[in-house]
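Beneath this line is the structure, given in C-alpha cells, with notes to follow.
Residue numbers (this note's numbering): 61 to 659.
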C-alpha cells in the first residue's frame, strides 16, 4: 500500500476494531453561546489565520483598466493531501496580466505576490502542541514540486482525483486557455501529462469534476466550459445610468459545450489515456455557460449523475442512463430554473443532504437581487424550490455569491451554510468613493435552526465576517484535524483567507476516511446514527462550492452523543456496517476486500 493508503490514520477500522487515541478530546460541556452562534463579546466562531499559518498567497486577476469580463470571475482553491501524510495541503490557482501588450505596470491593482506568477502549492506540516492539540502550519513548496514551471495558465477551476490509480491524488486545472492534467508522481513533484492523456481543452473552462460515470473502476472527467470571450470580442457594457461597467455572459456569443472525457485505463506502455465521448454520451445536446459541476446519485439508482450550474441560462441535470449516455432532465426535474421560472446566475453549486432524508439536495449561489436558491430532492431526482421557506432567500438578496458549502460548524448534527460574496459589476457607492476595485462585499454564515430554516448570524461569527472582499472559491475541510470544518477562501485580486473553526471541537464528532483500495471512494455515502442527532447522511466528495476541491473525508457532528450507535457505508450496491463506535475519532474504513479492511 502506498503512503496515501497507509497514512492519515488516527484510527483504522479493521478486523478486531483497533482504535488509536482521538486527535483532540471533546469538551464535556457542549452548550453555551459559542456552540449556538457567538454573541457580541464572546469568542468568535471562526478566526482568520491564513498569514499566521504560512498562507501568504495573494491572487492577481490581471486587471488592466479595460474592464475585461474575465477579470471579474476569480479562481477556485483546493484542499487535498498531495504528499500522503494524512493532512490537507493547499493549492491556489493564479491569474496573470490580461490584454494585448499589457504589463503589470498597467494594472490599477498590481500583483502583490512575488513575480513570476504561477499557481502555488503549500504543504501542511501539522504540528502537535504541548497540550495535545494540533495546529496547521503551511510551507510554500511550489518550486520544489515543479509547479512553478508548468502551472502558469490563467487559473479558474481545479479538480482532484487519482486518475491513474497509483494511490496519489492528481490535479486537473480548468483554465482560461489550455487546461492541464497534472500527474502526482508520488515524490513531491508533479508532471504535465495533458498531451499524453488527451485531456486538453482550449476554451474558457471554469470547473471540472472527476467521476466514475460508467462504474468501470477508474475516474473519468467532466469539464464545464463557460463563455466564448476573447480580447478581440471584448466590448464596453454600461450601467443603467450610462457608466461603463463589466459585461456579463449574455453579452457574448452562444454558450459553450461542456466535455466528458472517458478514462480508458492504462495502455500497453502504462500511459492512461482519455477519450472525448461528449457527443456519444449526449452531452453536446445542450449548451450552457457552465460555472459549476457536481457528481452525485440524485435519483437513487446507484449510478452517478451530473449537475451543472450555468450562468444566466437554465442549469443541467444529466441523468445517467447506465449505458454510457446521459439525458438532460433539468427542467422536468424542477432544478433548471427557480420557482418563478427564471434562469439565474448559478456560480457556485453544492450537492448535500440538507434535510437529512437520505438524498442529495442542491444549493446554488447567485447574483444580488436574484437570491441564492435551495432545491430539495424528493428522493427520486425531482426537486422543489424551498428558498423562501428556508430563510436563505431574503438574506442573500443584496449579495453576489460564488463559493459556498454546507458545514456543521457547531457539530450539533445540523448542516449550516457558509457563502463567499463579491459583485461582478461595479458597486456605485464604492466607485463614487474612488475604490480601485469597487465590487467587494462581506461573506455570510447561516446557522441551521432545524426544520429546514436558516438564520444569518454573520454579525456574530467573528471579525473575519466584517471584512469586505471579493471572495470566489472556497474549499472546506478540517485543516487542523480537530474534528470540525475549516474554510480556505480565495479572494479575487486579494489575499487568501483561512477561517479556522473555534467552536466545533466543543461538541462530539466522528470523522471517516472511506477508501476503495488506496483511493477515496468518491460517491460513497455514510449513514451515521447516534443518540440525540438521529440519522446523518454524508457523502464522500471533493467537488462543489465554486471551482474548488474539498476535503474528501466525512465529518459528522454528534452533539452530546459520546458514541455512534451504527455507521453504515453504502457503496455501489454494498453496505458495510460498524456498531458502537466511540466519538471524537478520525477513522479509516474500507468499502472493498482490501487487506485489513473491516469484515
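Note that CB positions come from ideal geometry on N, CA and C, so glycine has one too.
What residue range does the alpha helix (DSSP H) around residue i cover?
| i | result |
| --- | --- |
| residue 454 | 452-456 |
| residue 390 | 390-393 |
| residue 356 | Run containing residue 356: none in the alpha helix (DSSP H); it sits in the beta strand (DSSP E), 350-356. |
| residue 339 | 338-341 |
| residue 254 | 254-257 |
Please classify residue i: does DSSP put it in a helix, a strand, or coil?
| i | result |
| --- | --- |
| residue 589 | strand |
| residue 491 | helix |
| residue 203 | helix |
| residue 537 | strand |
| residue 301 | coil |
| residue 406 | coil |
| residue 530 | coil |
| residue 522 | coil |
| residue 317 | coil |
| residue 309 | helix |
| residue 564 | helix |
| residue 124 | coil |
| residue 179 | coil |
| residue 107 | strand |
| residue 172 | coil |
| residue 189 | coil |
| residue 607 | coil |
| residue 484 | coil |
| residue 412 | strand |
| residue 499 | coil |
| residue 421 | strand |
| residue 166 | helix |
| residue 616 | strand |
| residue 208 | helix |
Please confirm whether residue i and residue j have their CB atoms less than 8 Å apart.
| i | j | result |
| --- | --- | --- |
| residue 234 | residue 266 | yes |
| residue 583 | residue 573 | no |
| residue 134 | residue 471 | no |
| residue 130 | residue 153 | no |
| residue 575 | residue 650 | yes |
| residue 127 | residue 288 | no |
| residue 469 | residue 545 | yes |
| residue 370 | residue 465 | no |
| residue 376 | residue 425 | no |
| residue 195 | residue 524 | no |
| residue 481 | residue 431 | no |
| residue 241 | residue 286 | no |
| residue 592 | residue 619 | yes |
Looking only at its chain, what residues have a beta carbon closer than 7 Å to the beta carbon of residue i, apart from the 5 residues adjacent to it on each side?
| i | result |
| --- | --- |
| residue 596 | 416, 473, 588 and 616 |
| residue 205 | 181, 248, 249 and 250 |
| residue 516 | 455, 504 and 506 |
| residue 508 | 474, 475, 476 and 514 |
| residue 487 | 498 and 499 |
| residue 483 | 428, 460, 499 and 501 |
| residue 604 | 354, 409, 410, 411, 465 and 610 |
Identify the residues that DSSP records as bridge partners of residue i: which are they?
| i | result |
| --- | --- |
| residue 436 | 444 |
| residue 234 | 217 |
| residue 623 | 642 |
| residue 154 | DSSP lists no partner for residue 154. |
| residue 602 | Residue 602 pairs with nothing; no bridge assigned. |
| residue 515 | 507 |
In chain order, what residues of the same chain lie with their CB nearer than 6 Å to the CB of residue i, ignoring the 5 residues before and after it?
| i | result |
| --- | --- |
| residue 713 | This structure cannot speak to residue 713, because the chain is shown only from 61 to 659. |
| residue 317 | 344 and 347 |
| residue 353 | 267, 269, 282, 284 and 368 |
| residue 642 | 623 |
| residue 612 | 580, 600 and 602 |
| residue 210 | 252 |
| residue 630 | 585 |
Keeping to the same chain, check which residues put their C-beta closer than 8 Å to that of residue i; ignore five residues upstream and five downstream.
| i | result |
| --- | --- |
| residue 439 | 360, 417, 418 and 419 |
| residue 374 | 348, 390, 391, 396, 397 and 403 |
| residue 512 | 414, 415, 436, 446, 449 and 450 |
| residue 339 | none |
I want to see whether chain D comes within less than 8 Å of residue i, judged by CB atoms only; does it?
| i | result |
| --- | --- |
| residue 565 | The structure shown has no chain D; it contains just one protein chain. |
Taking the beta strand (DSSP E) that residue i falls in, what are its first and last residues?
| i | result |
| --- | --- |
| residue 265 | 265-271 |
| residue 399 | From DSSP, residue 399 is part of no beta strand (DSSP E); its letter is neither H nor E. |
| residue 274 | No beta strand (DSSP E) holds residue 274; DSSP gives it neither H nor E. |
| residue 368 | 365-370 |
| residue 133 | Residue 133 -> no beta strand (DSSP E), and no H or E assigned at all. |
| residue 378 | 376-380 |
| residue 481 | 476-481 |
| residue 461 | 461-467 |
| residue 549 | 546-551 |
| residue 241 | 240-244 |
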